[in-house]
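I have placed the structure first, in the form of structure tokens, so that the comments after it can refer back to it.
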Amino acid sequence: MRRDRLLVAVTLVTLLAADIHFVLLPRLKSWYHLPGESCECRVTNGSLDTGGATTVTWTMSQNFTTASTKRSSKLERLFGHPLYNIRLPELGPDELLLQREELMNYYKRKVSRWERLKKFYIETAAASNITIPDHPVTFDPEASWLQFHLGINRYALYSRDDSSVDRLLRDMQTATVISADFTQDEKALKGACDCSQVVKPSGLHLKLALKLQDFGKAMFKPMRQERHEETPENFFYFVDFQRHNAEIAAFHLDRVLDFRRVPPVAGRFVNVTGEILYITHNEELRSVFFISPANNTCFFAKCLYVCKSEYAVCGHPDLLEGSMSAYLPGLSIAPRISIPNPWIRSYSFTGREEWEVNPLYCDTVKKLYPYNSGNRLLNMIDMAVFDFLTGNMDRHHYEIFTKFGDDGFLLHLDNARGFGRYSHDEMSILAPLTQCCMIKRSTLFRLQLLAQSEYRLSDVMRESLSRDPLTPVLTEEHLQALDRRLAQVLRTVEECVKKLGEAHVVITDFVESSGVTTSHQGGNKRCLFDHFGCVNANYIQFGTGVYFILFNFTPISFNNLF
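So the mapping is simple: the working numbering equals the position in the sequence shown, first residue as 1, plus 244.
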């Protein structure tokens, strides 16, 4: 009897130990992100240790402060990855868009002018028995929007660890609105639209420029379409609605891809009566407001072709959700140029562009300035990948800052026509990639990383968007479409590699530098990718001067992705 009890006890203990070893421990490792099988290399430079790397503070919130939550956050793990913690050199004056003293003097003059005009507006309105609130302007040199402008450099709109972007998102969500007006392109139309043109200069949508109490400025795009609604399949892309949630989601996707070429965008509920109608100094804007039969406050665009109440947007009864996009510095202090996209679409019902019928079109583009040298064409392909993921077919132009010349980054502006159809992947958006068959190695690495379950694109986007006040910003169908389209991009690259070879397709956008100090060289090894094995990590330098990390390994096999 005692032997039987002993045998049963030994059996139970053995089963418990096996359960702990083969079931419980693997789950704990997955939950708490414990290191599994690791390579022999060790971090020898503390600045490269992900544990001590600078975190992207503006993606953090007080709801994600506990150690256990941090470990379970895919977004925080993504931003803690070495690919997202590459240390750049000290930025010199020529690599910054603006200098502090120059910017402060410029905006101090604008504030003084605003105060004079405001006094005139209030007196004029009073003569017409119209009361305009007198909100004082609190110009603060440390304001988030000013710090955002000062942080723009030749490589991106903001640095990965720029805390001012986090503050700017909060300010656009909560700051007092002191003035509302039409945007500059709407004003340029002066209500006159040529309805014989399919493409209107200002686009078929409503947008307003809202000035905040700290003199910051944001473009407000109101909600025009419910999140669950898809763009009808018979709609042309140039008459599609512009969606406020697409602007918000595009900013988050741009950050997840580490492009940082979309200005910060936040969602907000705006009181169209108190924060637009009552505070605007523009008589034309005030004239397009009306009360609907349902007793909601509504307004419409002044442009004649949408100057009808059925095109209006309405509050409920006054609150209206929309996107708030941070303005870039004014053109007088930070000039930009708008350049036609070589892969521009035919904005007509019947026409087709050359790239749509000529599969060798990229060979022609490669011979044209500025695509025949530098990184402009590779940046165009980055933008095409970004637009394909969002489903945006409306990229007819792109902009660059003139100060940074031909090798400056492309601004990914005006993304409101994205995320319209989750059930369809428009492969023609990828034409720059499919026809040129080339992509930056750094871009490909991040795309491969986001295809892994540990950093799945839909998961990190869901988590990132959950921090916006208008959550859920995207439906689950749109989030799942991101994963599907990412797989399409990687398959496209795979096909190019099979056809031309990796050396011709995957372009190394960094070169070894001979001017790196000795202290930054030698023996900097680490396990860069948990799934990909051990690699060498040495300081190297872009041709334009940016320090990067050289990855001495072959990218993940495409066959393992699907």
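Note that beta-carbon positions come from the ideal geometry of N, C-alpha and C, so glycine has one too.
*Compute the beta-carbon to beta-carbon distance between D727 and R700, rounded to the nearest angstrom, for a pair I have assumed lies under 8 Å.*
A Cβ-Cβ separation of about 7 Å places D727 in contact with R700 under the 8 Å criterion.
*Let me know the secondary structure DSSP gives I673 once reduced to three states.*
In the three-state DSSP reduction, I673 falls in the helix class (H, G or I).
*Cβ neighbours of G395 in the same chain (closer than 7 Å, five flanking residues each side left out)*: So the list reads Y402, S403, D406, S408, once near-sequence residues are dropped.
*Would you tell me roughly how many angstroms separate the C-alpha atoms of L612 and E359, rounded to the nearest one?*
Going by the C-alpha atoms only, they are around 48 Å apart.
*asked:* Looking only at its chain, what residues have a beta carbon closer than 6 Å to the beta carbon of Q679, apart from the 5 residues adjacent to it on each side?
replied: Taken in chain order, the residues that qualify are Y605, C606.
*Measure the alpha-carbon distance for T524 versus A660 and round it to whole angstroms.*
Cα to Cα, the separation comes out at about 25 Å.
*Does the Cβ of M671 have 16 or more other Cβ atoms within 10 Å, making it buried, or fewer, making it exposed?*
Label assigned to M671: exposed.
*Do the stretch 507-514 and the stretch 412-422 make contact, defined as three or more Cβ pairs closer than 8 Å?*
The stretch 507-514 vs the stretch 412-422: in contact.
*Should the stretch 679-697 be called in touch with the stretch 608-627, which here means at least 3 C-beta pairs below 8 Å?*
Because the criterion of three Cβ pairs below 8 Å is met, the stretch 679-697 and the stretch 608-627 touch.
*For the stretch 559-566 against the stretch 516-536, are there 3 or more C-beta pairs whose distance is under 8 Å?*
Yes: at least three Cβ pairs fall under 8 Å.
_Selection from P333, L250, D638 that minimises the alpha carbon distance to K485_ = One point to set straight first is that residue 485 is Phe, not Lys, in the sequence displayed. Comparing Cα positions, the closest option is D638.
*Helix, strand or coil: which one does DSSP assign to T752?*
Of the three classes helix, strand and coil, the one that applies to T752 here is coil, per DSSP.
*Compute the Euclidean distance between the alpha carbons of P326 and F689, then round it to the nearest angstrom.*
Answer to the nearest angstrom: the Cα atoms are 11 Å apart.
*Considering only C-alpha positions, which residue in the set P676, P507, Q696 is nearest to H656?*
Checking every option, the nearest Cα to that of H656 belongs to P507.
_Using the three-state DSSP reduction, which class does H820 fall into: helix, strand or coil?_
This structure cannot settle anything about residue 820, because the visible part of the chain is limited to 245 through 806.
_Please list the terminal residues of the continuous beta strand (DSSP E) segment that includes N515._
509-515 is the extent of the beta strand (DSSP E) around N515.
*Are I588 and A628 touching if we call contact CB-CB under 8 Å?*
No.
*Sequence-distant residues of the same chain with beta carbon closer than 6 Å to L340, five excluded per side*: When the five nearest sequence neighbours on each side are left out, the beta carbons in the same chain lying within less than 6 Å of the beta carbon of L340 are those of N397, in order along the chain.
*Just the Cα atoms here: how many angstroms apart are A453 and A545?*
Each residue's Cα considered, the two are about 13 Å apart.
*Give the straight-line distance between the Cα atoms of E721 and S667, rounded to the nearest whole angstrom.*
Going by the C-alpha atoms only, they are around 8 Å apart.
*Determine the contact status of M705 and L693, defining contact as a CB-CB distance below 8 Å.*
No.
*For G649, does the count of other Cβ atoms within 10 angstroms reach 16, so buried, or fall short, so exposed?*
Label assigned to G649: exposed.
*Any idea what DSSP makes of P466, helix, strand or coil?*
In this structure, P466 counts as strand in the three-state DSSP scheme.
*Provide the residue span of the alpha helix (DSSP H) that contains C606, from first to last.*
It spans 605-609 - the alpha helix (DSSP H) in which C606 sits, taken as one unbroken run.
*Just tell me which of R487, I376, A493 has its CA closest to the CA of A702.*
The identity of residue 702 in the sequence shown is Ser, whereas the question assumes Ala. Distances from the CA of S702 to each of R487, I376, A493 were compared; the closest alpha carbon is that of A493.
*So, T541 versus Q457, is the Cβ gap smaller than 8 Å?*
Taking 8 Å as the cut-off, the beta carbon of T541 is found no closer than this to the beta carbon of Q457.
*Express the C-alpha separation of T427 and M348 in angstroms, rounding to a whole number.*
Each residue's CA atom was taken as its position, placing M348 and T427 some 23 Å apart.
*Hey, could you find the ends of the alpha helix (DSSP H) E359 is sitting in?*
Segment 344-371, the alpha helix (DSSP H) holding E359.
*Complete beta strand (DSSP E) runs within the stretch 645-725 (minimum length 3 residues, chain order)*: Runs of the beta strand (DSSP E) inside the stretch 645-725: none found.
*Nearest-angstrom Cα distance between L361 and P573?*
Cα to Cα, L361 sits roughly 21 Å from P573.
*Less than 8 Å between the CB atoms is what I'm expecting for L332 and H393, so what's the real figure, rounded?*
Taking the Cβ atoms as the reference, L332 lies roughly 19 Å from H393, outside the contact range of under 8 Å.
*According to DSSP, is L454 helix, strand or coil?*
In the structure shown, L454 sits in a strand (DSSP, three-state: E or B).
*Span of the alpha helix (DSSP H) around T418*: T418 -> alpha helix (DSSP H) spans 407-418.
*Where V601 falls: helix, strand or coil (DSSP)*: Three-state DSSP puts V601 in coil, outside helix and strand.
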